[in-house]
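So the structure is just underneath, and the comments pick up after that.
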Amino acid sequence: ETGVTQTPRHLVMGMTNKKSLKCEQHLGHNAMYWYKQSAKKPLELMFVYNFKEQTENNSVPSRFSPECPNSSHLFLHLHTLQPEDSALYLCASSPGLGEAKNIQYFGAGTRLSVL
Amino acid sequence: QKEVEQDPGPLSVPEGAIVSLNCTYSNSAFQYFMWYRQYSRKGPELLMYTYSSGNKEDGRFTAQVDKSSKYISLFIRDSQPSDSATYLCAMEGTSYDKVIFGPGTSLSVIP
Numbered sequence: 006e007t008g009v010t011q012t013p014r015h016l017v018m019g020m021t022n023k024k025s026l027k028c029e030q031h032l033g034h035n036a037m038y039w040y041k042q043s044a045k046k047p048l049e050l051m052f053v054y055n056f057k058e059q060t061e062n063n064s065v066p067s068r069f070s071p072e073c074p075n076s077s078h079l080f081l082h083l084h085t086l087q088p089e090d091s092a093l094y095l096c097a098s099s100p101g102l103g104e105a106k107n108i109q110y111f112g113a114g115t116r117l118s119v120l
Numbered sequence: 806q807k808e809v810e811q812d813p814g815p816l817s818v819p820e821g822a823i824v825s826l827n828c829t830y831s832n833s834a835f836q837y838f839m840w841y842r843q844y845s846r847k848g849p850e851l852l853m854y855t856y857s858s859g860n861k862e863d864g865r866f867t868a869q870v871d872k873s874s875k876y877i878s879l880f881i882r883d884s885q886p887s888d889s890a891t892y893l894c895a896m897e898g899t900s901y902d903k904v905i906f907g908p909g910t911s912l913s914v915i916p
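Right, dumping it as structure tokens:
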């Protein structure tokens with residue numbers, strides 16, 4: 006158990022559906038991240054939140070909408086996705102302060118399939 | 806030139822072998838260097854991190870950083886089948902303020 010919990014673990018959705026991914030961290034961290042990991046590709050950073058403020062949006066399409074209500078919770082709202090959005094979506098958190106502020110701890114991921 | 810390069814493998818070794826996994830990087834601003842292990846269908850798990858140059862040991866794992874050559878390594882001694890996974894290097898610098906991940910090396914340890 007890494008201290009970062011993601012739900013659901015698996016999600017199948019149609020292109021017209023709306024769904025949300027949830028991430029919760031119990032590490033007392035102040036920064037949270039969403040990554041996309043496709044087969045045979047490196048991790049792609051999507052969004053970064055520091056102290057609930059979005060500090061990075063890595064040219065992500067608007068069909069992905071993040072929400073960070075507090076430092077412990079992060080959501081990724083999904084709507085009208087495309088089949089190429091099928092991937093493993095990973096949440097991570099980091100201290101956000103101090104010497105090792107950006108060292109990240111990951112959740113187990115949500116495996117998303119878009120039909 | 807990519808910021809972080811890593812041989813994707815796959816690397817296949819017999820049980821008990823010493824494994825060497827490597828990354829090269831181009832940005833001299835990087836100061837923190839991390840290694841993650843990712844099992845199939847799981848999230849990356851932080852194995853070790855080091856600051857600046859030098860060696861760090863944790864059990865069967867040794868991380869080595871050579872900033873002059875912009876080269877980092879992870880050594881696994883007495884490798885076990887349970888070490889079979891993808892290993893990701895990652896790095897960041899306080900002035901750079903972003904973590905960059907390598908693409909990962911797939912390792913198989915054969916019993």
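If you read the sequences in order, they're chains Y and F.
For any residue, its number in the working numbering is found by taking its place in the first sequence, counting from 1, and adding 5.
For any residue, its number in the working numbering is found by taking its place in the second sequence, counting from 1, and adding 805.
Glycine residues also receive a C-beta, built at the ideal position from the N, C-alpha and C atoms.
For clarity, every value in this text was computed on a predicted model and none was experimentally measured.
Quick one: what does DSSP say residue i is sitting in, helix, strand or coil?
i                   : result
proline 799(F)      : Look at the range of chain F in this structure, 806 to 916, and you will see that residue 799(F) is not part of it.
aspartate 90(Y)     : helix
arginine 842(F)     : strand
glutamate 808(F)    : coil
phenylalanine 52(Y) : strand
valine 904(F)       : coil
serine 118(Y)       : strand
leucine 26(Y)       : strand
asparagine 107(Y)   : coil
alanine 895(F)      : strand
alanine 113(Y)      : coil
Under 7 angstroms Cβ to Cβ from residue i, same chain only, skipping five residues before and after it: list those, please.
i                   : result
proline 13(Y)       : Thr115
proline 815(F)      : Ser911 and Ser913
phenylalanine 69(Y) : Met51, Leu81 and Leu83
asparagine 35(Y)    : Asn55, Phe56, Ser76, Pro100, Gly101 and Leu102
Show which residues of chain Y have a CB atom less than 7 angstroms away from the CB atom of residue i.
i                : result
valine 904(F)    : Asn107 and Gln109
glutamate 897(F) : Asn107
Could you give the residue range of the beta strand (DSSP E) that holds residue i?
i                 : result
glycine 859(F)    : 859-863
aspartate 871(F)  : 866-871
threonine 60(Y)   : 58-62
alanine 834(F)    : Counting along the chain, alanine 834(F) falls outside any beta strand (DSSP E), and DSSP gives it neither H nor E.
glutamine 11(Y)   : 9-12
histidine 84(Y)   : 78-84
leucine 879(F)    : 876-881
glutamate 850(F)  : 850-856
valine 818(F)     : 816-819
isoleucine 915(F) : 910-915
methionine 18(Y)  : 15-18
I'd like the list of long-range same chain contacts for residue i, defined as Cβ closer than 8 angstroms, with 5 residues on each side in sequence excluded.
i                : result
asparagine 63(Y) : Glu49, Leu50, Met51 and Phe52
serine 857(F)    : Gln836, Val870 and Lys872
valine 818(F)    : Val824, Ser884, Leu912, Ser913, Val914 and Ile915
Run down chain F in chain order and give the residues with a C-beta less than 7 angstroms from the C-beta of residue i.
i              : result
alanine 113(Y) : Lys847 and Gly848
Going by the CB atoms, is the gap between residue j and residue i shorter than 8 angstroms?
i                 : j              : result
histidine 82(Y)   : serine 25(Y)   : yes
methionine 853(F) : alanine 895(F) : no
glycine 19(Y)     : leucine 120(Y) : yes
lysine 23(Y)      : alanine 92(Y)  : no
glycine 907(F)    : leucine 95(Y)  : no
threonine 829(F)  : lysine 875(F)  : yes
valine 824(F)     : serine 884(F)  : yes
tyrosine 38(Y)    : alanine 97(Y)  : yes
What does residue i reach in chain F if we use C-beta pairs closer than 9 angstroms?
i              : result
threonine 7(Y) : Gly848, Glu850 and Leu851
Show which residues of chain Y have a CB atom less than 9 angstroms away from the CB atom of residue i.
i               : result
proline 908(F)  : Lys45, Lys46, Pro47 and Leu48
tyrosine 854(F) : Ala105 and Ile108
At a CB-CB cut-off below 8 angstroms, which residues of chain F make contact with residue i?
i               : result
leucine 95(Y)   : Gly848 and Pro849
arginine 116(Y) : Arg846
Anything in chain Y within Cβ reach of residue i, meaning under 8 angstroms, just list it in chain order.
i               : result
tyrosine 876(F) : Those do not exist, as tyrosine 876(F) stays about 19 angstroms from chain Y at its closest Cβ, beyond 8 angstroms.
tyrosine 837(F) : Ala105, Asn107 and Ile108
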